[in-house]
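> Numbering (this note's numbering), first residue to last: 312 to 608. Here you go, one structure.
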Amino acid sequence: MLLTREEMTFDFGGAKLDPVRDRELLEWMFNQFLYGEVTGIQVGHWLYDAPDLEAAKFLARQSLEEMQHVDNFLRIMTMLGCQPKPAHPAVRFLSTGMMGGSWAEHVALEMAQGEGFVLQAFYAVIDTLDHKPTVDILRRAVKQEERHVEFGEEQTKKAIEGKPWLRRRLLGLSLVSMWGVRKLAGYMEKKLPADHVVLRHLPAFLAHANHCAEIRLRRIGVLDRPLTEISGAKRAALVAEAYGGKLVGGLGSLVALPFRMLPWFKRRRVTDTYLADPHVTGYQLPAPDSATAQPQE
Ligand SMILES: [Fe+2]
Ligand SMILES: [Fe+2]
Numbered sequence: 312m313l314l315t316r317e318e319m320t321f322d323f324g325g326a327k328l329d330p331v332r333d334r335e336l337l338e339w340m341f342n343q344f345l346y347g348e349v350t351g352i353q354v355g356h357w358l359y360d361a362p363d364l365e366a367a368k369f370l371a372r373q374s375l376e377e378m379q380h381v382d383n384f385l386r387i388m389t390m391l392g393c394q395p396k397p398a399h400p401a402v403r404f405l406s407t408g409m410m411g412g413s414w415a416e417h418v419a420l421e422m423a424q425g426e427g428f429v430l431q432a433f434y435a436v437i438d439t440l441d442h443k444p445t446v447d448i449l450r451r452a453v454k455q456e457e458r459h460v461e462f463g464e465e466q467t468k469k470a471i472e473g474k475p476w477l478r479r480r481l482l483g484l485s486l487v488s489m490w491g492v493r494k495l496a497g498y499m500e501k502k503l504p505a506d507h508v509v510l511r512h513l514p515a516f517l518a519h520a521n522h523c524a525e526i527r528l529r530r531i532g533v534l535d536r537p538l539t540e541i542s543g544a545k546r547a548a549l550v551a552e553a554y555g556g557k558l559v560g561g562l563g564s565l566v567a568l569p570f571r572m573l574p575w576f577k578r579r580r581v582t583d584t585y586l587a588d589p590h591v592t593g594y595q596l597p598a599p600d601s602a603t604a605q606p607q608e
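Written out as structure tokens, the structure is:
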């Protein structure tokens with residue numbers, strides 16, 4: 312990975328999340344993660360679009376890992392007494408509604424940036440949650456997420472080689488996702504209890520996540536100078552250019568949109584149905600032996 316664990320680590324000053332006192336918060340958080348892992352079904356779409364065999368093999372393996380992560384969160388939630396519930400609409404939109412429109416967008420936005428952001432959240436839970444069985448599961452899962460981020464970084468590097476227009480476009484789209492994180496930080500600052508030992512650090516944690524996203528963009532080569540050296544007008548132009556390109560590319564799907572919105576045309580995927588799926592509703596903790604023997608690497 313282009314960023315180390317140390318660089319991505321946020322210092323919560325030793326503050327801890329308590330599995331009993333903070334159950335409601337943990338339930339909310341793990342439900343967002345659970346949904347994120349279910350969106351792993353999208354890997355199938357990109358497997359069909361893979362540029363070479365090596366990438367195809369990577370994605371085939373990733374799809375298995377993401378489905379395994381679904382079980383990880385079901386297991387964690389069962390251990391902590393948390394119920395599977397719908398994810399926040401913003402999270403649903405960010406992970407499903409904003410699905411990349413091309414291979415380059417997928418590897419840059421969803422894998423390097425998006426999974427990089429989730430990885431940072433996993434590190435934060437590992438560092439703060441006072442529940443060893445959960446932390447042990449997450450420690451194994453982050454090794455796989457690190458590989459997904461690394462693949463995204465390498466593939467983005469390859470994709471932008473000799474294509475300055477693509478570099479600008481990915482930068483414009485990244486600026487939008489960083490803006491989204493800043494919005495989220497502002498929302499949290501207003502809504503969350505400022506006296507909670509861990510939550511009071513969240514706005515600073517999200518700012519740190521954006522800082523790491525900027526460093527990652529620079530090391531990949533999408534960004535060639537610090538963001539502070541790019542004027543507001545230039546940033547707006549980059550965003551407009553990126554979305555202009557997206558609009559042209561998306562005209563075909565725009566024509567089909569009215570049909571897809573009709574209920575009998577809307578295909579329900581696992582991301583729409585998982586909460587009612589027998590695998591989720593009937594989930595049972597594995598026997599103690601298999602709990603430690605689960606292959607993760
Ligand atoms: Fe995952
Ligand atoms: Fe992943």
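Built from N, CA and C at the ideal position, the CB exists for glycine as well.
Of all the options D588, A326 and P599, which has the alpha carbon lying nearest to the alpha carbon of V436?
Nearest C-alpha to V436: A326.
> From the beta carbon of A432, is the nearest beta carbon of chain C less than 8 Å away?
Considering every chain present, this structure includes no chain C. It has just one protein chain.
> Using C-beta distances below 7 Å, list every residue in its chain close to L486, excluding the 5 sequence neighbours before and after it, in chain order.
These residues qualify, in order along the chain: R546, L549 and V550.
> Does the beta-carbon distance from A419 to L370 come in below 8 Å?
No, the Cβ-Cβ distance between A419 and L370 is not below 8 Å.
> Which whole-angstrom value describes the C-beta separation of L328 and L440, a residue pair presumed to lie in contact below a C-beta threshold of 8 Å?
About 5 Å; that satisfies the 8 Å criterion.
> Roughly how many whole angstroms lie between the Cα atoms of T315 and M422?
Straight-line Cα distance between these residues: approximately 16 Å.
> In chain order, what residues of the same chain have a beta carbon less than 7 Å from the beta carbon of S488, not counting five sequence neighbours either side?
L420 and Q424, listed in sequence order.
> Kindly examine ligand 2 and report whether one of its heavy atoms sits closer than 7 Å to the Cβ of E464.
False, no ligand heavy atom lies under 7 Å from that Cβ.
> Which partner residues of L440 appear in the DSSP bridge assignment?
Answer is L328, bridged to L440.
> Hey, is the region 445-460 in contact with the region 502-510, meaning 3+ C-beta pairs nearer than 8 Å?
With a cut-off of 8 Å, the region 502-510 and the region 445-460 do not count as touching, because too few Cβ pairs lie within range.
> Return yes when at least one heavy atom of ligand 1 lies under 7 Å from the C-beta of G351, else no.
Under cutoff, so the answer is yes.
> Per DSSP, what kind of secondary structure is P504 in: helix, strand or coil?
The answer is coil: DSSP assigns P504 none of H, G, I, E or B.
> Over the uninterrupted alpha helix (DSSP H) stretch that includes Y346, give me the two end residues.
Element bounds for Y346: R334 to V349.
> Just to be sure I understand the criterion: a residue counts if its Cβ is closer than 6 Å to at least one heavy atom of ligand 2. Which residues meet that?
Result: E377, E426, E456 and H459.
> If A470 sits next to A515, beta carbons under 8 Å apart, how far is it from one beta carbon to the other, in whole angstroms?
A470 to A515, Cβ: 33 Å. No contact.
> Below 8 Å on the Cβ atoms is my guess for F341 versus I387; work out the distance and round it to an integer in Å.
F341 to I387, Cβ: 6 Å. Contact.
> In whole angstroms, what is the alpha-carbon distance linking K468 and S406?
Computed Cα separation, rounded: 22 Å.
> Between the Cα of H512 and the Cα atoms of A524, N521 and M499, which residue gives the shortest distance?
H512 has its Cα closest to that of M499, out of A524, N521 and M499.
> Within the same chain, show all residues whose beta-carbon is closer than 6 Å to that of L385, passing over the 5 residues directly before and after it, in chain order.
Y594, listed in sequence order.
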